[in-house]
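The structure appears right after this line, and notes come after that.
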Amino acid sequence: MPLTLPKAFQQMAAVAAKDLRSELRTRFALNSLAMVVVVTVGVLVYAVREEVRVPVGVASGMLWVSMFFTSVTGLGRTFVSEEERGTVLLLRLTTSAIPVYFGKLLVNLLLAIGTNLMVGLLYLFLSTNVSLGSPFALLVVLLLCSIGFAASLTIVSAIIARSSSKSALFPVLCFPILLPLMVLGIDLLGRAFAGAALGVMAAPLLLLFLYAVLVVVASYILFDFLWKE
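Going left to right, the sequence shown walks through residues 449 to 677 as this note's numbering numbers them.
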């Protein structure tokens, strides 16, 4: 029986709700992620504490490193956790491939936005020697980077889920997929710290958005094959 659009949305919402309930029930992953955020940001800020004024390029690079490590830590286990708990077979029997992918993507998107906003706020709060020229531009960049992280790391998690060497395979796959996001993200963060207007940043912001859309479309095509293997 073909999957109708209302049924697909219902299944997607069910998958997302299941994952959110699981995270909130144990809170182990959330607590670990919060610790990673605090430690990563704290160490980077402490490393440049003697600087009177941190250059824009250094500030954007430090914020990007914080976002990268916390996102990879928090979003990389989306499908791996299903395999470890032994629930993936039940998910295959009850849910179609596409709702599973978009349900997982939705959870990762919410987690990425929350994590990156937390990283940004903590970084600005602790960094007394960093000046932010355009707060609204920084917010837009953080949101678009969060979409890119969620889209990329969701499909990488699906690819490595049944691999026997997940830890080794994960960074190998992450680097080429996240490379465009890294180049655009660091550049846009630097412009936001420098106080550039959104109009001036329109072209790279559009590229960042198109990157996320391209990854989602490619993942949509690829995931159906992964799910049926």
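A virtual CB, placed ideally from N, CA and C, is assigned to each residue, including glycine.
It should be emphasised that the depicted structure is a prediction, and the values quoted were computed from it without experimental measurement.
Residues near residue i in its chain [Cβ-Cβ closer than 7 angstroms; skip 5 each side]
i: Leu-670; result: Ile-603
i: Leu-559; result: Gly-522 and Leu-523
i: Ile-607; result: Leu-621 and Leu-674
i: Leu-468; result: Val-555
i: Ser-508; result: Ile-634, Leu-637, Gly-638 and Phe-641
i: Gly-505; result: Gly-638
i: Val-463; result: Thr-543, Pro-547, Val-548, Gly-551 and Lys-552
Supposed close pair residue i, residue j - CB separation, criterion 8 angstroms
i: Val-589; j: Ala-640; result: 5 angstroms
i: Thr-521; j: Val-548; result: Rounded, the Cβ-Cβ distance is 22 angstroms, inconsistent with contact.
i: Leu-557; j: Ile-595; result: 7 angstroms
i: Leu-511; j: Leu-637; result: 6 angstroms
i: Ser-605; j: Phe-527; result: 5 angstroms
i: Pro-652; j: Asp-635; result: 6 angstroms
i: Ala-660; j: Leu-580; result: About 24 angstroms; that fails the 8 angstroms criterion.
i: Glu-530; j: Leu-539; result: 6 angstroms
Cβ shell of residue i (< 6 angstroms), same chain only, five flanking positions each side left out
i: Arg-501; result: Asn-577
i: Trp-672; result: The sequence given here has Asp at residue 672, not Trp. These residues qualify, in order along the chain: Ala-545.
i: Ser-667; result: Ile-603
i: Ala-461; result: none
Counted within 10 angstroms of its Cβ, other Cβ atoms place residue i as buried (16 or more) or exposed
i: Ala-585; result: buried
i: Gly-551; result: buried
i: Phe-597; result: buried
i: Ser-480; result: exposed
i: Gln-459; result: buried
i: Thr-542; result: exposed
i: Gly-534; result: exposed
i: Val-663; result: buried
i: Arg-688; result: Absent from the model: residue 688. The displayed extent of the chain is 449 to 677, so no value can be given.
i: Leu-553; result: buried
i: Thr-452; result: exposed
i: Arg-525; result: buried
Spatial neighbours of residue i in its chain, beta-carbon cut-off 8 angstroms, leaving aside the 5 residues before and after
i: Pro-574; result: It is worth fixing the name first, because residue 574 is Leu in this sequence and not Pro. For Leu-574, where only same-chain residues beyond five positions count, the Cβ hits under 8 angstroms are Val-489, Gly-490 and Val-493.
i: Met-449; result: Residue placement at Met-449 is poorly supported in this model, since its pLDDT is 47, which falls under 50; the coordinates still yield a value, given next. Cβ within range, chain order: n/a, list empty.
i: Val-486; result: Leu-570
Would you list, in sequence order, the uninterrupted alpha helix (DSSP H) runs of no fewer than 4 residues that lie entirely inside the segment 605-642?
Counting only runs of 4 or more, we get 614-642.
Secondary structure, beta strand (DSSP E): runs of 3+ residues fully inside the segment 470-531
Taking only runs of at least 3 residues, no beta strand (DSSP E) segment lies wholly in the segment 470-531.
Mind the definition here: the segment 564-572 touches the segment 611-631 only if three or more C-beta pairs lie below 8 angstroms; say whether that holds.
The answer is no - the segment 611-631 does not touch the segment 564-572, with fewer than three Cβ pairs under 8 angstroms.
Take every Cβ of the segment 622-642, pair it with every Cβ of the segment 653-671, and state whether three or more of those distances are shorter than 8 angstroms.
Under the Cβ criterion (8 angstroms, minimum of three pairs), the segment 622-642 counts as touching the segment 653-671.
Using a Cβ distance threshold of 8 angstroms, determine whether the segment 644-652 contacts the segment 513-528, with at least three qualifying pairs required.
Contact annotation: the segment 644-652 does not touch the segment 513-528, with fewer than three C-beta pairs closer than 8 angstroms.
For the segment 518-594, list the alpha helix (DSSP H) runs that are entirely contained and at least 4 residues long, ordered along the chain.
Assignment of alpha helix (DSSP H) within the segment 518-594, counting only whole runs of 4 or more residues, yields 528-533, 536-542 and 545-574 in chain order.
Just list the alpha helix (DSSP H) runs in the segment 649-677, keeping only unbroken ones of 4 residues or longer that don't cross its boundaries, in chain order.
Counting whole runs of 4 or more residues, the segment 649-677 contains the alpha helix (DSSP H) stretches 650-676.
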